[in-house]
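Participant: Chains as they are written, first to last, in our numbering: chain A, 496 to 608; chain B, 49 to 162.
For glycine and all other residues, C-beta sits at the position ideal for the given N, C-alpha and C.
Quick caveat: nothing in here was measured; it's all calculated off a predicted structure.
Supplied in structure tokens, the structure appears directly below.
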């Protein structure tokens, strides 16, 4: 089955800098890649997603890049703010339909003022 | 907007007892509901996926006998953890999809087993 590896377990940046979280996946049939954010003691909050028909997507300060050949995707948070501090999870599924999401292990992002 | 509620938010049960958790989709119809578990220090594992008009599909290591799920309509689902033991503790998330689009998660039910 699909395996998603999230490369950075922790990431510390200073406010205003950019943060990049990288993930790789194994299933070539995966075509949908969402990112979620988990704050302390809470559930998952949808952040942004990308589908395999594009290689870049931006939503305000968030940019997602997808390299299908390398089976790699990444989340770029620009102009970071302390409130961006949280655990970020990448995930992959075979389509944006009803198939299951396979999650990475999460990256703890700490943005210091 | 799309919201997913879960109840209870936190629960404690004695080892060997059972507990039921609920998931409510508000603002959309949940044609698909997925139950995930986040065990301590681990990522999220899919327990089962329930799609309207289809049988509930359980992942390996999870069974209907242990985690029976009900999905009676397009806004509500419940799951019971039967005979809970220490290894069942964790955060149980309900994810609901309005269609083949983004999956929205509830805040989770945190289960502590004593």
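I'd like to know if residue 82 (chain B) contacts chain A, where contact means its C-beta is closer than 8 Å to some C-beta of that chain.
Facilitator: Output row for residue 82 (chain B): interface = yes.
Participant: Can you check DSSP and say which residues form a bridge with residue 588 (chain A)?
Facilitator: DSSP output for residue 588 (chain A) lists A:527 as bridge partner(s).
Participant: Using 8 Å as the cut-off, can you tell me whether the region 526–533 of chain A makes contact with the region 64–74 of chain B, which would need three or more C-beta pairs spanning the two stretches below that distance?
Facilitator: The region 526–533 of chain A is not in contact with the region 64–74 of chain B.
Participant: Could you tell me which whole alpha helix (DSSP H) segments of length 4 or greater appear in the region 77–118 of chain B?
Facilitator: You should have found no qualifying run.
Participant: Just curious, the beta strand (DSSP E) that residue 567 (chain A) is in, first and last residue?
Facilitator: Residue 567 (chain A) -> beta strand (DSSP E) spans 567–572.
Participant: Counting pairs of beta carbons, one from the region 105–112 of chain B and one from the region 51–62 of chain B, are three or more of them closer than 8 Å?
Facilitator: Too few Cβ pairs lie closer than 8 Å, so no.
Participant: Roughly how many angstroms lie between the CA atoms of residue 550 (chain A) and residue 132 (chain B), to the nearest whole one?
Facilitator: One C-alpha to the other measures close to 44 Å.
Participant: Is residue 564 (chain A) close to chain B, meaning its C-beta is less than 8 Å from at least one C-beta of that chain?
Facilitator: Closer than 8 Å: no.
Participant: Might you give, ordered along the chain, the residues of its own chain that have their beta carbon closer than 7 Å to the beta carbon of residue 499 (chain A), omitting 5 neighbours on each side?
Facilitator: Closer than 7 Å at Cβ, skipping near neighbours: 518, 520, 585, 586, 587, 597, 598, 599.
Participant: Any C-beta of chain A within less than 8 Å: which residues of the region 142–156 of chain B qualify?
Facilitator: Listed in sequence order: 143, 145, 148, 149, 150, 151, 152, 153, 154, 155, 156.
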